[in-house]
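Note sheet for the following structure.
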Amino acid sequence: MVMMSLHFFNKLPFSEVYLHAMVRDKDGRKMSKQLGNVIDPLDVMSGITLQQLHDKLRQGNLDAREIPKAEKFQKEAFPDGIPECGSDALRFGLLSYTQSGRSVNLDINRVVSYKQFGNKLWNVVKFVLYFALGENYKPVRTTFEGVDMPLECRWILSRLATATEECASGFTEGTYDFALATQSAYRFWLYELCDVFLELTKPIRNLPEGDPKKQLIQDVLLYVVEAGLRMLHPMMPFITEELYHRLPHFETLGTDSIMLADYPRNIPFKDEQVEAAIKTIMECVHSSRSMKAAYQLTNKNKPDVWLACADEETFTLLSTNAYIVETLGVVGAVLVIKSADEKDVPKGCGLTVVTKDINLHMMLKDFINIDAEVAKLQKGKALLQKSMDTLQKKMNLPTYTTKVPESIRAADQEKADGLLMQMKQTDDGILRMLAMKDN
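Just add 412 to wherever you are in the sequence shown, counting from 1, and you've got my numbering.
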C-alpha cells in the first residue's frame, strides 16, 4: 500500500500505524497450533465446519502426536464449527476489544453477536423505508435548529449528539479509544434508536399523509438514521455503504458514497434537561413492564395505569407525555394524577414505587387469578418462615456467641433481617391481593 501510494500519488497513504495488543483465545492463552486454538480471520468471515477445522490441522506441519489434543480443543471450543460472520462483524468485534493495551481474548460468540447486530441494522433500515417513511415520503427538513419538536425527537437528537461526540473522541489522534466508539454506536442503534424512538414512531403511521407532526417525525427519523450510518461506517463499512444507498432520495444527500461523506461532528442538539425528562418517563415505563412481568401479563394484556405525582413539575411532564408510557409500557390508558388524589384510584390495582415522587398503580383485578396469586405468596411465605426457623435455631444455641466467629454472626443477622423484610413484603402482597378480591 505504501509503495503503490508513493508510486502513483507521490505521498504516503497514512502517517500513523495503530499497534493493537496480542490476539489470544477466549481463555487468554496464546494461539498455538499445538493447542488447536488458532483462529483464522478468513474462517470467521466465511464460516467453517468442525470437520474442516480438523482437516486444516492435518494439512499443516503439526506433529501427528499433537493432532488429537488440538482436535479435542476444537470440539470443545467450536462444537458446531465457526458460523459465517462477515468482515464487518469481525472488524467491529476486534475494535471493541481494544481497551488500555490489554490482550485481545477473542471470543467467537461475541463476534457472532455483532453479526446479529448487523442483521438488526438491516432490519431497522428496512422498517424505516417501508413502514415508518413509506413509498410516498419526501423529506422537507434537513436541519432542526429552532424547530418546535416532540420530546422524543429532541431526545433522540440529543442522544445522537452524545454518540457522535463519543465516537469522534474514540477516533481522535492521541486517544484512539476504539472500544468507546463501538460501545457508543452499539448503544445508540440498539437501545436508543431501536428500543425507544422507533417504537414511538409506530403510531404516526395512522396519521394522514401531509400531517405536519408526521412529516416532522419522519424527517427527524431519516436524519438520525443517515447520521447514524455515517457514524458507524468506519467500524462496519460494507453494510453501512449498502444501507446508505437504500435511503430514500439518496441522490439529495450530496455524495455518491458514504466513504466520501463527512463524519458527523458537532451536532448541536445535546440537551441534558430533555434527557433527564425522558429518564423520568422511562423509569415509569420500566416499572410498568416489571409489574406486568411479575404477574405474567403478555403484550395482549393492556391494563390501565395511574401515575401519582408528588410535585407539579413531574405532573406536567407525565401529563404531556403519557403516550410514551402507554406505547413503550404496552399498557392501556395512562392517567396522571396528583398524590393528593391517590385515594381515588380504583380498587383492584397493584402498586409499585417508581421514584420518591411517583407511584404507579396498575389495574390487575381483571387480568390475574387472585386466589392463585394468594396461594403462591402464601407458599413463598412458608418457605421463608422455614428458613427463618432454621436460622433462629442456629442463633439460639447456647454456644453460638462464644464459638461462632463475629463475621459469621454478622452475616447471619443480616440474613435474618433480609428474611424478615421479605416476609413483611409477602404479607403486604397478600393483603393487596385480598383487597382486590374484596372489591
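C-beta: ideal position from N, C-alpha, C; glycine also.
Bear in mind that the values here come from a model prediction, so they are computed numbers and not experimental data.
Taking 7 Å as the cut-off, decide whether the C-beta atoms of residue i and residue j are in contact.
| i | j | result |
| --- | --- | --- |
| G448 | A482 | yes |
| K777 | M694 | no |
| I494 | D467 | no |
| L852 | L772 | This structure gives no information on residue 852, because the portion of the chain shown stretches from 413 to 851. |
| F590 | T652 | no |
| T613 | A706 | no |
| A573 | F681 | yes |
| S799 | L831 | yes |
| M647 | F504 | yes |
| E578 | L592 | yes |
| L502 | V435 | no |
| G841 | L789 | yes |
| E604 | R642 | no |
| D769 | T726 | yes |
| V686 | D631 | no |
| T764 | S699 | yes |
| I460 | T576 | no |
| L465 | Q446 | no |
Out of curiosity, what's the CA-to-CA distance linking residue i and residue j?
| i | j | result |
| --- | --- | --- |
| Y549 | R677 | 27 Å |
| P491 | G792 | 41 Å |
| M774 | R821 | 41 Å |
| L541 | L418 | 43 Å |
| R514 | A784 | 53 Å |
| V816 | M833 | 24 Å |
| S508 | G582 | 11 Å |
| Y656 | R617 | 23 Å |
| M415 | R701 | 59 Å |
| Q627 | V536 | 19 Å |
| D723 | V697 | 19 Å |
| A689 | C721 | 14 Å |
| A734 | T692 | 12 Å |
| S669 | H645 | 11 Å |
| K852 | V523 | Given a span of 413 to 851 for the chain in the structure shown, any question on residue 852 remains unanswerable. |
| V516 | G440 | 8 Å |
| Q797 | M835 | 8 Å |
| P825 | D716 | According to the sequence displayed, residue 825 carries Gln and not Pro. Straight-line Cα distance between these residues: approximately 41 Å. |
| C761 | K714 | 13 Å |
| K755 | A489 | 59 Å |
| R658 | I451 | 34 Å |
| F609 | F556 | 17 Å |
| Y598 | E611 | 18 Å |
| M703 | N521 | 32 Å |
| Q528 | C497 | 9 Å |
| A580 | S525 | 24 Å |
| Y588 | L431 | 11 Å |
Helix, strand or coil: which one does DSSP assign to residue i?
| i | result |
| --- | --- |
| M775 | strand |
| P453 | helix |
| V821 | Checking the sequence shown, residue 821 turns out to be Arg, not Val. Reduced to three states, the DSSP call for R821 is helix. |
| N517 | strand |
| C497 | coil |
| I679 | coil |
| I460 | strand |
| P649 | helix |
| P491 | strand |
| G760 | coil |
| V854 | Residue coverage of the chain in this structure runs from 413 to 851, which leaves residue 854 outside it and unanswerable. |
| M416 | helix |
| E478 | coil |
| K532 | helix |
| I568 | helix |
| I629 | helix |
| A544 | helix |
| D801 | helix |
| A673 | coil |
| L659 | coil |
| G448 | coil |
| V697 | helix |
| Y707 | coil |
| N422 | coil |
| E826 | helix |
| G792 | helix |
| E557 | coil |
| N618 | helix |
| K712 | coil |
What residues are listed by DSSP as bridge partners for residue i?
| i | result |
| --- | --- |
| R436 | K442, N517 |
| T767 | I770 |
| L719 | V748, L772 |
May I ask you to check if the CB of residue i is nearer than 6 Å to at least one heavy atom of the ligand GDP?
| i | result |
| --- | --- |
| N517 | The ligand GDP is absent from the structure shown, which contains no ligands of any kind. |
Q) Is it a yes or a no for the region 734-746 touching the region 706-715, going by three-plus beta-carbon pairs under 8 Å? A) yes
Q.
For the region 552-565 against the region 470-477, do three or more pairs of beta-carbon atoms, one drawn from each stretch, fall closer than 8 Å, so that the two count as touching?
A. no
Q) Touch check for the region 750-763 and the region 801-810: three-plus C-beta pairs under 8 Å? A) In this structure the region 750-763 does not lie against the region 801-810, because fewer than three pairs of beta carbons, one per stretch, are closer than 8 Å.
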